[in-house]
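Residue numbers (our numbering), protein chains in the order written: chain A, 1 to 215; chain B, 216 to 430. Each remark here refers to the structure printed beneath this line.
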DNA sequence: TCCTGTGAACCGCTTCACAGCT
DNA sequence: AGCTGTGAAGCGGTTCACAGGA
């Protein structure tokens, strides 16, 4: 009986990676993988992986490893990927397009059921295969479509307003790509990704030469 | 004399956020900010911020706070944003477009000096305002343009090949958006962002109801 | 008085090392 | 023999709490 422990945040962020390599393994008709195999594919230690997986229960086979199919099932269920998630994309720019067309979404059960933009020129066009609606109808639109996750790809100055409307519409999870920090009330899940910040972090690690700069 | 200490990785990832809110503050003609002010804007604790900034030297004014302009200068220099960084984008799809047009890049001194795609239909088109070249000329192209950072927005199966060529061309930093883990040799900086994984993490935190699922 | 800079305590995550199961 | 699952140790980062400067 898999004793489901509390799952540390750090572990949660790694589970999707395991899922990705497990799919690769399954595609190669691999039946079982050891923590060592997984370690090689994802790039961190075998101990780390055993510790992570032990949080989900204890279903590895000693002397053998983990059953690929079963492990995928367990991780999928833990992440809540066993059903469908209703997603809205707000902001029909290039990033919104990129996300709407990204195959990895639908493959994981994320369905884009609504799209919004404030620009009249974009309203009525297709984002992936979802028709873009006017942002003025967002509150009702999000409610009506039963959206659980809102993905924000608007300019920075619109982001907080969009978040507020989404929360009001009962959206429980927000993924913010706008280059500004937004606030959500207690109980709403939030993740923020800033593409510009990633480059800045890289920029730091670039000039690792001992540079004892003064003031 | 600001004693420049070693900067923890966690701190580095926060510096760009400080920069962002400092710019907002500067736009509002704010001359100084306290760690408390900053904490409110970025959303973590004042102690955290003081600790982070103390790594860059000690130039806060007790009883007052930090000078906005000077703090920006210090952080910019630490991140290596005081000069220009030559960037290439590989993969001219929607995500590549989104990045090329993203204002936050040029504002921070990141210049897109080359773009590549394997699709003949894309070659010759514009990515932002950079002409897309054929991927077959990537090695020479990257070298010739003196690219320091390669941003990868190709499909997963092309990513590792692109990384290998980039490294061979002397590119020191890689930002990978392709949904697969790539490997780089020692000494090359690497960051990976998977848009799909962010959604999966959110999905986990969504169903926080006590769900004692069995096997 | 007010806020910085920082030792010290604390906390969560990672790694080690090995007992125990197959 | 081989690999999992996990106590225990180790490590990095965060928070506390306060000494000390403006």
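Just so you know, even glycine gets a beta-carbon here, dropped at the ideal spot from N, CA and C.
{"Asked": "Do residue 256 of chain B and residue 279 of chain B have their CB atoms nearer than 8 Å?", "Found": "no"}
{"Asked": "Taking residue 110 of chain A as the query, report the chain B residues whose CB atoms sit under 9 Å from its CB, ordered along the chain.", "Found": "411, 414, 415 and 418"}
{"Asked": "Can you tell me which of A:172, A:183, A:198 and A:137 puts its alpha carbon nearest to the alpha carbon of residue 417 of chain B?", "Found": "A:172"}
{"Asked": "In chain order, what residues of the region 245-257 of chain B put their CB closer than 7 Å to some CB of chain A?", "Found": "257"}
{"Asked": "Can you pull out the residues from the region 359-374 of chain B whose beta carbon lies closer than 7 Å to at least one beta carbon of chain A?", "Found": "363 and 364"}
{"Asked": "In whole angstroms, what separates the C-alpha of residue 99 of chain A from that of residue 340 of chain B?", "Found": "22 Å"}
{"Asked": "Using a Cβ cut-off of 7 Å, which residues of the region 96-110 of chain A contact any Cβ in chain B, in chain order?", "Found": "97, 98, 99, 101, 102, 104, 105, 108 and 110"}
{"Asked": "Using a Cβ-Cβ distance under 8 Å, would residue 296 of chain B count as near chain A?", "Found": "yes"}
{"Asked": "Look at the alpha carbon of residue 142 of chain A and the alpha carbon of residue 190 of chain A, and state the distance between them as a whole number of angstroms.", "Found": "17 Å"}
{"Asked": "Are there three or more Cβ pairs, one per stretch, closer than 8 Å when the region 220-239 of chain B is compared with the region 261-268 of chain B?", "Found": "yes"}
{"Asked": "For residue 364 of chain B, collect the residues of the same chain with a Cβ closer than 8 Å to its Cβ; drop the 5 residues on either side in sequence, then sort them by chain order.", "Found": "300, 301, 302, 303, 325, 386, 387, 388, 389 and 390"}
{"Asked": "Pull up the CB-CB distance for residue 35 of chain A and residue 49 of chain A, whole angstroms please, since I reckon it's below 8 Å.", "Found": "5 Å"}
{"Asked": "Mind checking residue 317 of chain B: buried by the 16 CB within 10 Å criterion, or exposed?", "Found": "buried"}
{"Asked": "Taking residue 421 of chain B as the reference, give the member of A:198, A:137 and A:186 with the closest Cα.", "Found": "A:186"}
{"Asked": "Just the C-alpha distance for residue 215 of chain A and residue 298 of chain B, rounded to the nearest angstrom, thanks.", "Found": "Annotation note: pLDDT 21 at residue 215 of chain A (below 50); position unreliable, no value reported."}
{"Asked": "Which residue comes first and which comes last in the beta strand (DSSP E) that contains residue 379 of chain B?", "Found": "First-last for residue 379 of chain B: 371-383, but that is the alpha helix (DSSP H), not the beta strand (DSSP E)."}
{"Asked": "Quick one, which of B:342, B:336, B:289 and B:394 has its alpha-carbon nearest residue 330 of chain B's?", "Found": "B:342"}
{"Asked": "Count the other CB atoms, across all protein chains shown, that sit within 10 Å of the CB of residue 45 of chain A; report buried if there are 16 or more and exposed otherwise.", "Found": "exposed"}
{"Asked": "Can you tell me which of A:178, A:18 and A:78 puts its alpha carbon nearest to the alpha carbon of residue 6 of chain A?", "Found": "A:78"}
{"Asked": "When you compare only the Cα positions, how much space is there between residue 130 of chain A and residue 184 of chain A?", "Found": "26 Å"}
{"Asked": "Could you pull out every residue in the same chain whose Cβ sits closer than 8 Å to the Cβ of residue 211 of chain A, ignoring the five residues on either side in sequence?", "Found": "Confidence in residue 211 of chain A is poor, its pLDDT being 34 and thus under 50, which makes the residue's placement too unreliable to answer from."}
{"Asked": "Can you pull the chain B residues whose beta carbon is under 7 Å from the beta carbon of residue 189 of chain A, in chain order?", "Found": "417, 420 and 421"}
{"Asked": "Give a yes or no on whether the minimum CB-CB distance between residue 390 of chain B and chain A is below 8 Å.", "Found": "yes"}
{"Asked": "I'd like the span of the alpha helix (DSSP H) that includes residue 241 of chain B, first residue to last.", "Found": "224-242"}
{"Asked": "Which residue from A:192, A:134, A:80 and A:17 puts its Cα closest to that of residue 159 of chain A?", "Found": "A:192"}
{"Asked": "Run the proximity test for residue 132 of chain A: is its beta-carbon closer than 7 Å to any non-hydrogen atom belonging to the ligand MN?", "Found": "No copy of the ligand MN occurs in the structure displayed, which carries no ligand at all."}
{"Asked": "On the three-state DSSP scale, how would you describe residue 110 of chain A?", "Found": "strand"}
{"Asked": "Can you grab the Cα-Cα spacing for the pair residue 319 of chain B / residue 196 of chain A, in whole Å?", "Found": "6 Å"}
{"Asked": "Any chance you could list the alpha helix (DSSP H) runs of at least 4 consecutive residues sitting entirely within the region 307-364 of chain B, in chain order?", "Found": "309-316, 318-322 and 353-360"}
{"Asked": "Locate the beta strand (DSSP E) running through residue 90 of chain A, then write down its first and last residues.", "Found": "85-90"}
{"Asked": "Just to make sure I have the definition right: I need the residues of chain B whose C-beta is within less than 9 Å of the C-beta of residue 179 of chain A. Which are they?", "Found": "235, 317, 318 and 319"}
{"Asked": "Can you say whether residue 92 of chain A is buried or exposed, counting buried as having 16 or more other CB atoms within 10 angstroms of its CB?", "Found": "buried"}
{"Asked": "Give the C-beta separation of residue 296 of chain B and residue 323 of chain B to the nearest angstrom, bearing in mind that I take them to be a contact with Cβ-Cβ under 8 Å.", "Found": "5 Å"}
{"Asked": "Leaving out the 5 sequence neighbours to the left and right, which residues in its chain are closer than 7 Å to residue 179 of chain A when beta-carbon positions are compared?", "Found": "156, 194 and 196"}
{"Asked": "Using a Cβ-Cβ cutoff of less than 7 Å, which residues in the same chain neighbour residue 33 of chain A once the five nearest sequence positions on both sides are dropped?", "Found": "25, 65, 66 and 68"}
{"Asked": "For residue 32 of chain A, which residues does DSSP report across the bridge?", "Found": "A:67"}
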